[in-house]
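Protein chains in written order, with the numbering used here: chain A, 1 to 677; chain B, 1 to 650.
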């Protein structure tokens, strides 16, 4: 009986499984260990653990670290770069910059393709797309034969100015296909026809090195899943916040360089919307790091400044995630200047926080939370006991350093951790002209709900939402997205020098291309939506803003007006007298995938039944007796007054003194935050 | 020295990080709204200063060259306006003789008040693409005095009590090329400073003004404490070295010494640049602000984890002799300080610190260079004025346990991005013909320098077009340490490979260009570290496969004999016996080569028996490549340094 929707988020350590049974509305979640050496295995283990048969699964969507691992470990197929004579080192020169500008012993990562595998051919196109020098086909053929001798497995072609005219690239591709049949080839003009040779070349190279890997992976997974009786497409999440099927994986493999990263942001958006919020900040706090995302007016912010490793950009639009080194395992320490620091170093899974009794002795956020009574000594199902003495001993180090009591030290550790996170949230909210007071905070991940309420208070965020399964909420994100492709094109012209008709013609060609992609994915016309955007900036500026434009328009004026408004919102100033320049055109193609409708529950039972115990928990400089509830037993509609702790298998939610939480029909805990001013 | 603390550690840590965040917010705003492509490529910086002008926090990605100067320009505004600073005032300053760097670095100083009391200054500093003067881009290498170099802006008020002083701003920007763009930069900087103010006021609302002010001083004390604690653990003593600018163009032969003496006491680092040459007749001199900054940045490179603010400047103290190449007074031209004195001070500091902290040792890195081409673009009827203003990445110095970084932005500011030629080709009729690594450009060593880069181009549809160059190290060639060898001379070439090929050197102005002319120039590799004969021969082999090193120079520089079997398949072989013989041969003869009569070296070069790399790496000889004459004085100076840095370690 086809009834379940399956989402799997493969992370570095754990594979999260989220199963939604459409018939009963039940949700099943579980975790297995990830298996990086054999990536399908972790997924199949997860499916086994969920006791799912292939024929029970209606939709299977997932995020995977296959691409990320291959890139970081440089376990890549033998890939060659073919470029214009004089330019084979562009990818090594990059923009010259380093991420750490002071530490001369901190290097930028090495290029994905070594110099020995980067080749040049005579050809040249100018900035307008005129062919100055046709491709030297003989030289290209000689090179192709050399590549064959070298047993090249994949080829990236990127010529200067090919974003204006891809003719020479396509000729080169044809020759390579003739000489090296079956070898993966991609051209920059097909992958991402945008200006700037380094960014385009980098994207094309990443596409070429991942193309064979991702294709092989998805095919293997398809075979395994078919063997288990699953006949539908396997959906893979891409960093742009959409999914693709195996048919487009080879073409846009670079979008899978970090496939799972968008899942948490998407889940957070969905949860916030269910709760009636169009503005939300997602806080996905795990063991070693925290991912922060932002949704405004129902849309998640998108960025084009994105890379797996600094210096090698991937030019596709990607969901904007700010990752900082703050997690449950982050270490507290005193630096040589006498300041109390928190992170970015982490005790990781090994040795882990001191209280895990795996050999860790340094104080972490988890240890501090245990000292303060916010974490319980026994996890719910009794599978793990935390060692309070070890946590005390670790936190005592900080207490002694600063002359604090044990509790003061623990509380200081948490405050510093929260402050670091609020600085990060400020960077993507306040800094961008968003006022946190207009937002809800969705706190998830293993540690998010422990910190969410106080963090929100710090930022004046009035509402915190803790979803029913915070530990695996990100996986759910995989089920909540549509097929999505982003087509873009550089088009530089003054707004006054162009006409609506000309732009509409350009858009029409791009939409045609987008349509074909959706058709390849098997998306019907009714399920397709195309959206158009213009990248605009004041003439002379270097960065542009993407402004949505309607399907049909007779004048550019209303579009320019929205640009001025958006510029004022984003940067606090605008100037209608300044000439506006068009920088690029974008089309986003959405193929709507049916999504699960999470069930709503009726109020049943009493809150008292969920009361597990009371224990002393430290808030506002003193221990107070707090109620501890078992989340599974808390009825819908219950109102919980702080101080209180809500325990569940995958996380602990803290409701500080003075805060009031309510459980909604979707079983989200909604905490109203007491703001200071 | 333990300073008393009044803030609890949590409030302190929260506010300290909050200040970092505040400055980064200003930086982000500037990056996203600026007009100058120079700013967009990250030649800018931001700071939060206290009411005395001291720096509390700077941007985490700031250009190194600005680091030690932001407090000086803040103080200059306070000095000039004193009590006459009011809420709603905004000031502008770019004066290198008041602590600025050069005219292009234009700074907005934005006072912040709380209940009528001045509590802080926000500062946003950007390199404007043009600030007027005789040359596009405001680099006139022939300038001896600053008149005509560009607009000098002493501290000047541009907003008075909230009122925009249009007339004042007009007189400034109308003296610059593309005044509308400069207004755009100015607005971007003022708005970015406001972002900082809003954030600071929010912090004050939350923590109270006294706590925030206390944190201002405690954050400086913290950095001071941190730095002194580090200094305590260092060996005490005095170290000295010298680096050179190529020449005083009016004098000719003779490297221009910049002497750096460093003393580490119990809790301070003292620099004394006495003995450095008097200021010279071209714009490579430094004003006192940028020279100070050179010592701060050179020091900071060895303490990357210490945040920069005025607390750091309390521990690092620098004496700069008056009227010298490292402390030139008005009106002596200093606009090219970045290619001149500044990077020499930084590299000299690297060498000194390499002795004290060998685990972070760093040989000399390539020299910052700016090539400017300006003229009329005849590709369309508008015949717009264009400016092709370009800089390159190059090789950094070899390190104690690994090669130098290949193709990295200059030490002047590792955050400065090189420009994409596709963007440049849209804006200017200059077609880039190559942008590639130069084989053999890395200074040989046990750990070689990073590889250098070459970028060349061709002029297409132009009229009335000239080229200028701001560079150095065609003579004071990027050097190695601990036995490592130099890389290659820098300098631009016109029409390379043709009959009219001409080496133009490292500083020239307004060379006329015609349609079809081509040009190229190298950014050198880094200097090597350690004896190249001790380099792992398999590392040499890998370099040969990647063509970082040629088979020929594998033999000459490293004594490694490699045979090509099949380059198409990356198949090469090391001849172990021949390598042993070659290494012995070099070892037995290199001291004699190093003492060869420079005139004989000149003869060999002219006869085509040796190349530029042989001239400097094998013989330590410096030549003028515009004439191919040997330079006896420069050679003697260069050999003296090379004797200490290289030969003494063999």
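By construction, the Cβ of each residue, glycine as well, lies at the ideal position given by its N, Cα and C atoms.
Endpoints, alpha helix (DSSP H) assigned at residue i
i: residue 353 (chain B); result: 343–356
i: residue 212 (chain B); result: 209–232
i: residue 397 (chain B); result: Counting along the chain, residue 397 (chain B) falls outside any alpha helix (DSSP H), and DSSP gives it neither H nor E.
i: residue 564 (chain A); result: 557–571
Where residue i sits in the DSSP three-state scheme
i: residue 1 (chain B); result: With a pLDDT of 39 at residue 1 (chain B), under the threshold of 50, the predicted position of this residue should be treated as unreliable, and no value is reported.
i: residue 459 (chain B); result: strand
i: residue 313 (chain B); result: helix
i: residue 677 (chain A); result: Because the pLDDT at residue 677 (chain A) is just 40, under 50, the model does not fix this residue reliably, and the value given afterwards should be weighed accordingly. Residue state, collapsed to three classes: coil.
i: residue 421 (chain B); result: helix
i: residue 408 (chain B); result: strand
i: residue 467 (chain A); result: coil
i: residue 108 (chain B); result: strand
i: residue 278 (chain B); result: strand
i: residue 378 (chain A); result: strand
i: residue 338 (chain B); result: helix
i: residue 122 (chain B); result: strand
i: residue 203 (chain A); result: helix
i: residue 434 (chain A); result: coil
i: residue 191 (chain A); result: helix
i: residue 46 (chain A); result: helix
i: residue 593 (chain B); result: helix
i: residue 47 (chain B); result: strand
i: residue 451 (chain A); result: helix
i: residue 612 (chain B); result: helix
i: residue 218 (chain A); result: helix
i: residue 20 (chain B); result: helix
i: residue 514 (chain B); result: coil
i: residue 293 (chain A); result: strand
Limits of the beta strand (DSSP E) - the one that residue i falls within
i: residue 349 (chain A); result: It is not in any beta strand (DSSP E) - residue 349 (chain A) carries neither H nor E in the DSSP assignment.
i: residue 263 (chain B); result: 256–264
i: residue 630 (chain A); result: 622–630
i: residue 548 (chain A); result: 545–549
i: residue 440 (chain A); result: 440–444
i: residue 176 (chain B); result: That residue, residue 176 (chain B), is in no beta strand (DSSP E); it is neither H nor E in DSSP.
i: residue 548 (chain B); result: From DSSP, residue 548 (chain B) is part of no beta strand (DSSP E); its letter is neither H nor E.
i: residue 531 (chain A); result: 528–538
Whole-Å CB distance - residue i paired with residue j, under 8 Å assumed
i: residue 237 (chain A); j: residue 260 (chain A); result: 6 Å
i: residue 167 (chain A); j: residue 131 (chain A); result: 6 Å
i: residue 54 (chain B); j: residue 468 (chain B); result: At roughly 38 Å, the Cβ-Cβ gap does not stay under 8 Å, so residue 54 (chain B) and residue 468 (chain B) are not in contact.
Chain E within 8 Å of residue i, Cβ atoms only
i: residue 115 (chain A); result: In the structure shown, chain E cannot be found, because the protein chains are A and B.
> In chain order, which continuous runs of the beta strand (DSSP E) of length 3 or greater are located wholly inside the region 220–287 of chain A?
Replying inline: Contiguous beta strand (DSSP E) elements confined to the region 220–287 of chain A occur at 234–238, 242–244, 280–285, taking only those with 3 or more residues.
>> Under 8 Å, with one C-beta from each stretch per pair, do the region 420–436 of chain B and the region 378–390 of chain B reach the 3-pair mark?
In response: These segments touch.
>> Quick check on the DSSP output: what are the complete alpha helix (DSSP H) runs of length 4 or more inside the region 109–157 of chain A, in order along the chain?
In response: DSSP runs (the alpha helix (DSSP H)) wholly in the region 109–157 of chain A: 137–149.
> Are there three or more Cβ pairs, one per stretch, closer than 8 Å when the region 175–189 of chain B is compared with the region 197–214 of chain B?
Replying inline: Segments in contact, no.
>> Would the region 267–279 of chain A count as touching the region 449–461 of chain A if we require 3 or more Cβ pairs under 8 Å?
In response: Judged by Cβ distances under 8 Å, the region 267–279 of chain A makes no contact with the region 449–461 of chain A, as fewer than three pairs qualify.
>> Using 8 Å as the cut-off, can you tell me whether the region 339–357 of chain B makes contact with the region 294–307 of chain B, which would need three or more C-beta pairs spanning the two stretches below that distance?
In response: Remark: three or more beta-carbon pairs, one from each stretch, lie closer than 8 Å, so the region 339–357 of chain B and the region 294–307 of chain B are flagged as touching.
> Given 8 Å as the limit, is there contact between the region 401–417 of chain B and the region 455–469 of chain B, that is, 3 or more CB pairs closer than that?
Replying inline: Taking 8 Å as the limit for Cβ pairs, the verdict is that the region 455–469 of chain B does not touch the region 401–417 of chain B.
> With contact counted as at least three CB pairs below 8 Å, one residue from each stretch, are the region 521–540 of chain A and the region 577–594 of chain A in contact?
Replying inline: Put simply, the region 521–540 of chain A touches the region 577–594 of chain A. At least three CB pairs are less than 8 Å apart.
> Counting pairs of beta carbons, one from the region 150–162 of chain A and one from the region 185–202 of chain A, are three or more of them closer than 8 Å?
Replying inline: The region 150–162 of chain A makes contact with the region 185–202 of chain A; the number of CB pairs closer than 8 Å reaches 3 or more.
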